[in-house]
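Residue numbers (our numbering): 8 to 282.
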């Protein structure tokens with residue numbers, strides 16, 4: 008039995024970026040994928056896989072490509088500095104980009120505190136509970152990436168933010184008693200910031216519009232309306248106007264079913280055990 012540790016997978020998002028660079032340089036050189044493959048003694052499918060980020064670009068091949076495509080060491084440097092930890096899976100890249108630039112964002116969550124409102128300790132406790140577990144380096148990278156996204160809360164031109172959170176997500180003592188209380192206090196503080204609306208969907212509702220699971224709506228600077236949903240083993244980026252409209256109507260109903268902002272703040276105070 009081979010006891011050697013398997014090499015860690017490279018960052019899939021960065022691999023995709025390198026592949027785009029290869030394809031751009033190839034076209035600038037006036038070569039097809041087949042013609043480039045012939046010069047490298049590779050088949051066309053291998054070249055296509057590299058350009059699509061499905062196959063890693065090896066250092067020796069990167070050097071050959073730099074010479075052939077006159078990219079002056081760019082590809083070899085990219086391979087040498089390819090990060091080993093994927094901060095965001097490829098399917099989440101587009102969402103993160105739009106989230107960073109959004110002028111309005113509406114977020115419904117039933118299971119956990121929304122990522123943009125999580126404390127460091129709460130985020131670490133959530134990510135540490137992943138199965139299979141992250142190793143120590145991956146865990147810290149994921150935590151920092153999540154907290155980094157919260158920069159939009161402090162933008163000079165901050166977006167308009169609305170959050171609806173189902174009450175069970177706020178009752179679960181994720182990370183232990185102190186982490187739980189610190190997270191509730193942080194939520195209460197955030198709920199008092201201008202431009203942020205935080206509403207709690209209480210347990211005593213006999214039905215609610217978000218029974219199918221969490222989702223996020225956002226509006227881009229050019230007023231495009233998009234949506235994003237996550238599940239156990241995948242995610243869905245929604246741009247079709249009809250589908251976005253369905254989720255927007257769900258969110259509008261959720262806001263009517265949730266407590267008011269003031270009553271939600273009072274519930275947070277109650278959950279904290281304060282008068």
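Idealized CB from N, CA, C, for every residue including glycine.
How about residue i and residue j: are their beta carbons less than 8 angstroms apart?
i	j	result
residue 81	residue 28	yes
residue 248	residue 110	no
residue 102	residue 244	yes
Under 8 angstroms, Cβ to Cβ, is there at least one residue of chain B near residue i?
i	result
residue 262	Among the chains of the structure shown, chain B does not appear; only one protein chain is present.
Closer than 6 angstroms by C-beta to residue i: which residues in its own chain qualify, once you throw out the five before and the five after it? Chain order, please.
i	result
residue 170	114, 121 and 205
residue 232	226 and 251
residue 173	117 and 208
Alpha carbon to alpha carbon, how far is residue i from residue j?
i	j	result
residue 251	residue 62	34 angstroms
residue 190	residue 50	54 angstroms
residue 151	residue 138	19 angstroms
residue 44	residue 55	9 angstroms
residue 238	residue 75	44 angstroms
residue 160	residue 42	49 angstroms
residue 221	residue 30	37 angstroms
residue 94	residue 58	Because residue 94 sits at a pLDDT of 47, beneath the cut-off of 50, its placement in the model cannot be relied upon, and the following sentence gives the value as read from the coordinates. So the two alpha carbons sit approximately 21 angstroms from each other.
residue 104	residue 246	14 angstroms
residue 255	residue 262	11 angstroms
residue 119	residue 153	14 angstroms
residue 53	residue 242	28 angstroms
Contact check, residue i vs residue j under 8 angstroms by CB: the rounded distance?
i	j	result
residue 78	residue 130	So it is not a contact: roughly 39 angstroms between Cβ atoms.
residue 192	residue 272	Residue 192 to residue 272, Cβ: 12 angstroms. No contact.
residue 128	residue 39	About 53 angstroms separates the two Cβ atoms, so there is no contact after all.
residue 2	residue 47	No answer is possible for residue 2: the residues shown for the chain start at 8 and end at 282.
residue 60	residue 132	Their Cβ separation, rounded to whole angstroms, is 32 angstroms, which puts residue 60 and residue 132 out of contact at 8 angstroms.
residue 87	residue 70	Between residue 70 and residue 87 the Cβ distance is about 10 angstroms, and since that is not below 8 angstroms, they are no contact.
Looking only at its own chain, which residues have a Cβ that is under 7 angstroms from the Cβ of residue i, when we skip the five neighbours before and after it?
i	result
residue 257	216 and 217
residue 92	Confidence at residue 92 is low in this model, with a pLDDT of 45, below 50, so the placement of that residue is unreliable and no value is reported for it.
residue 279	188, 191 and 192
residue 266	206, 207, 209 and 274
residue 264	208, 212, 215 and 216
Taking the alpha carbon of residue i as the reference point, which residue from the options has its own alpha carbon closest?
i	options	result
residue 275	127, 128 and 199	199
residue 168	176, 197, 214 and 186	197
residue 126	157, 140 and 112	157
residue 1	175, 221 and 187	What is shown of the chain runs 8 to 282, which leaves residue 1 out entirely.
residue 230	41, 103, 35 and 112	112
residue 308	166, 179 and 177	In the structure as shown, the chain begins at 8 and stops at 282. Residue 308 is therefore absent and cannot be evaluated.
residue 35	73, 214 and 47	73
residue 66	104, 37, 105 and 22	22
residue 106	213, 270 and 235	235
For residue i, which residues of its own chain have a beta-carbon under 8 angstroms away from its beta-carbon, when the five flanking residues on both sides are left out?
i	result
residue 202	165, 166, 167 and 168
residue 134	141, 146, 149, 150 and 153
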